[in-house]
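Colleague: Below: one structure in structure tokens.
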Amino acid sequence: MDSALLVHRLHFAFTITFHYLFPQLTMGIAPLIVVLKTLALRRKDEIYQQAARFWARIFGINFVLGVVTGIPMEFQFGTNWSHFSRFAGGVIGQTLAMEGMFAFFLESAFLGLFLFGEKRLSPRAHWAAAFAVFIGSWLSGFFIIATDAWMQHPVGYTLAPDGSAQLTSFWQLMLNPWAWWQYAHNMSGAGITGAFVMASVGAFYLLWGKHVEHGRLFVKLGVIAGCLFTILQIFPTGDGQGRMIAQNQPVTLAAMEALFHGQPGAPLVLVGQPDVEQRKIDNPIVVPNMLSFLTYRRWKAEVKGLDAFPQDQWPDNIPLLYFSYHIMVGLGTIFIAIMVVSAFLLWRGMLFHSRWMLWLLLVSLPFPYIANTAGWMTAELGRQPWVVYGLMRTAAGYSKNVSAGNGMFTLLGFMGTYMVLGILGLFLIYREIDHGPAAEVAVGH
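Numbering-wise (my numbering), the sequence shown opens with residue -6 and increments by one.
Next comes the structure, spelled out in structure tokens:
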């Protein structure tokens, strides 16, 4: 691989991976804040208001860091990926512009009202501001997903005489079936992050005997939301997204499962290490026929292997793709187990006193971030060697006049800057958790 291409790919991979640490939490806790505000309206209980304010502050910190780390990515389309931008700008410019002009402004404007306007707005108007923030954050996610979905499954375009792609149908772009399955799967992943973070903070308060009433509320709401989102992540969203891949990118599916040789009744690999040179899986633990059933709903259906495709169409890094996919699926299965057991203990009235389960919820906090990152790695590694699937190869999309040295210089600069931002973000969030949800009451007294 060309060294400059590798640096540009690493550059964008680093910035987008770091950036997405923040939006997944804002999108994940936005609906939970609406739930807290709704309970506050109905029950007239100050604890729900305090809880909503607390999570709004956490939301605000993540929102600011997400904006700061997201803006450079827009410029990277021009600086690092100019040939791709020239080719695809006539299509993806629509969705990126709509994300900035509509969703971002909706979210940011009403976030200001929600954070600073509670005393100036009626309770219902303040609830409406929270709901608008939720809609804005999820709408922003949709436009970004629609952009990526077009790169995965191009629709509604034509090739102009200069070779660039031009949009012919706005509604085909918006209604791209790949976009809707990917969006549903992504948002359930964000919901898992929000639920686990809320439950983890609640578990922290209960284990340390601080803000116990709020801690119980956070654990209860986090576990209920976690059960919902973890199940949705597997079915129907994960199943639907997987079947879209099987229909439109069969070589990607084969690489995700390291299925080197197609066969009827293809097995599902639970554990194993792909050996690309020898075209086999080492130390496999498999479920016979399961991949065929999950993909085509028939136990003996034939699933194409990598041997059915020219090697120049295989994803560039099959081991990394394979492990990313299996980490995502493995953690998703563990999440279901954690939340189902927690829900059972909650139903039996034992969760708040089960320290072992509270500790498990607490230490689980980073794993949804790992799972979401692995999921996005699966999506982007699986599309390779195409930057726009079937239309433009990644090797043709980067800025040829930007050398590997220039790219590495800016990448190191971003790494240093983002390290400082990460430390600052962790400090601000730690400070809010240390102050607690009832900080306003403590100050008033």
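Glycine included, each C-beta is placed from N, C-alpha and C at the ideal position.
Going by the DSSP bridge assignment, what does Gln165 pair with across the sheet?
Modeller: None, per the DSSP bridge assignment.
Colleague: So within the stretch 35 to 104, which uninterrupted alpha helix (DSSP H) runs reach at least 4 residues, ignoring any that extend past its ends?
Modeller: DSSP runs (the alpha helix (DSSP H)) wholly in the stretch 35 to 104: 39 to 72, 75 to 91.
Colleague: Do Val244 and Pro147 come within 9 Å of each other at the CB atom, strictly closer than that value?
Modeller: Not in contact: Pro147 and Val244 (Cβ atoms no closer than 9 Å).
Colleague: Whole-angstrom Cβ separation of Thr10 and Thr366, contact assumed at under 8 Å?
Modeller: With a Cβ gap of about 6 Å, Thr10 and Thr366 count as contacting.
Colleague: Evaluate Asn276 with the Cβ neighbour count: other Cβ atoms within 10 Å of its Cβ, from every protein chain shown; 16 or more gives buried, anything less gives exposed.
Modeller: Result: exposed.
Colleague: Beta-carbon within less than 7 Å of Glu39's beta-carbon, same chain only, minus the 5 sequence neighbours each way: which residues are those?
Modeller: No residues qualify anywhere along the chain.
Colleague: Between which residues of its own chain and Ala172 is the CB-CB distance below 7 Å, once the five residues before and five after are set aside?
Modeller: Answer for Ala172: Ile138, Ala139, Ala142, listed in chain order.
Colleague: By Cβ distance below 7 Å, which residues in the same chain neighbour Ser357 in space, the five residues on each side in sequence not counted?
Modeller: Excluding positions up to five away in sequence, the list reads Phe189, Ser193, Ile331.
Colleague: For the beta strand (DSSP E) that Tyr150 lies in, which residues bound it at each end?
Modeller: Residues 150 to 152.
Colleague: Can you tell me which of Ile26, Gln43, Ala96, Phe70 puts its alpha carbon nearest to the alpha carbon of Arg2?
Modeller: Taking only the C-alpha atoms, the option nearest Arg2 is Phe70.
Colleague: Between Gly231 and Thr8, what straight-line distance do the alpha-carbon atoms span, to the nearest angstrom?
Modeller: The alpha-carbon atoms of Gly231 and Thr8 are separated by roughly 26 Å.
Colleague: Check whether the Cβ atoms of Ile185 and Gln234 lie closer than 9 Å to each other.
Modeller: No, the pair does not count as a contact, with Cβ atoms beyond the cut-off.
Colleague: Pull up the CB-CB distance for Val126 and Phe345, whole angstroms please, since I reckon it's below 8 Å.
Modeller: So it is not a contact: roughly 30 Å between Cβ atoms.
Colleague: Which same chain residues, not among the five before or five after Ile329, have their C-beta less than 6 Å away from its C-beta?
Modeller: Here the set comprises Thr223.
Colleague: Do the CB positions of Gly375 and Gln266 come within less than 9 Å of each other?
Modeller: No. Outside cutoff.
Colleague: Suppose contacts are defined by Cβ-Cβ distances below 9 Å. Is Leu152 in contact with Gln145 by that definition?
Modeller: No.
Colleague: Measure the C-alpha to C-alpha separation of Pro430 and Ala96 and round it to an integer number of angstroms.
Modeller: C-alpha separation (whole angstroms): 28 Å.
Colleague: Starting from Pro359, trace the beta strand (DSSP E) both ways and give me its first and last residue.
Modeller: No beta strand (DSSP E) holds Pro359; DSSP gives it neither H nor E.
Colleague: Around the C-beta of Met350, are 16 or more other C-beta atoms found within 10 angstroms, so that it is buried, or is it exposed?
Modeller: With 16 or more Cβ atoms within 10 Å of its Cβ, Met350 is classed as buried.
Colleague: Measuring CB to CB, does Arg46 end up less than 9 Å from Glu100?
Modeller: No.
Colleague: How should Ser392 be labelled, buried or exposed, when 16 other C-beta atoms within 10 angstroms of its C-beta is the threshold for buried?
Modeller: Counting Cβ neighbours within 10 Å, Ser392 comes out buried, since at least 16 surround it.
Colleague: Identify whether Glu373 lies in helix, strand or coil by the three-state DSSP scheme.
Modeller: Helix, per DSSP.
Colleague: May I ask whether a heavy atom of the ligand NAP can be found less than 8 Å away from the beta carbon of Gly368?
Modeller: Annotation note on the ligand NAP: not contained in the displayed structure, which lists no ligands.
Colleague: Just verifying my parser: in three-state terms, what is the DSSP assignment at Met385?
Modeller: It is a strand residue.
Colleague: When you compare each of Ser396, Ala33, Trp379 to Leu210 by their alpha carbons, which one comes out closest?
Modeller: Closest option to Leu210, Cα to Cα, is Ala33.
Colleague: Quick one: which unbroken alpha helix (DSSP H) runs of 4-plus residues sit fully inside the stretch 180 to 249? Chain order, please.
Modeller: Runs found: 205 to 225, 232 to 241, 243 to 249.
Colleague: Return helix, strand or coil for Lys293, following the three-state DSSP convention.
Modeller: Three-state DSSP puts Lys293 in coil, outside helix and strand.
Colleague: Under a three-way DSSP split, which group does Pro170 fall into?
Modeller: Of the three classes helix, strand and coil, the one that applies to Pro170 here is helix, per DSSP.
Colleague: Following the continuous beta strand (DSSP E) through Pro277, name the residue where it begins and the one where it ends.
Modeller: Its beta strand (DSSP E) spans residues 273 to 280.
Colleague: Could you tell me whether the Cβ atoms of Leu199 and Val28 are closer together than 9 Å?
Modeller: No.
Colleague: Classify Val126 as helix, strand or coil using the three-state DSSP reduction.
Modeller: Here Val126 sits in helix by DSSP.
Colleague: Helix, strand or coil: which one does DSSP assign to Gly258?
Modeller: Correct three-state label for Gly258: coil.
Colleague: I need the straight-line Cα distance from Phe337 to Met343, nearest angstrom please.
Modeller: Distance between the alpha carbons of Phe337 and Met343: 9 Å.
Colleague: So what does DSSP say about Ala158, is it helix, strand or coil?
Modeller: In this structure, Ala158 counts as strand in the three-state DSSP scheme.
Colleague: Taking one C-beta from the stretch 254 to 261 and one from the stretch 302 to 317 each time, how about it: are there three or more such pairs within less than 8 Å?
Modeller: At 8 Å Cβ cutoff, the stretches do not touch.
Colleague: Exposed or buried, which one is Ala118 when buried takes at least 16 other CB atoms within 10 Å?
Modeller: Ala118 is exposed by the Cβ-count criterion.
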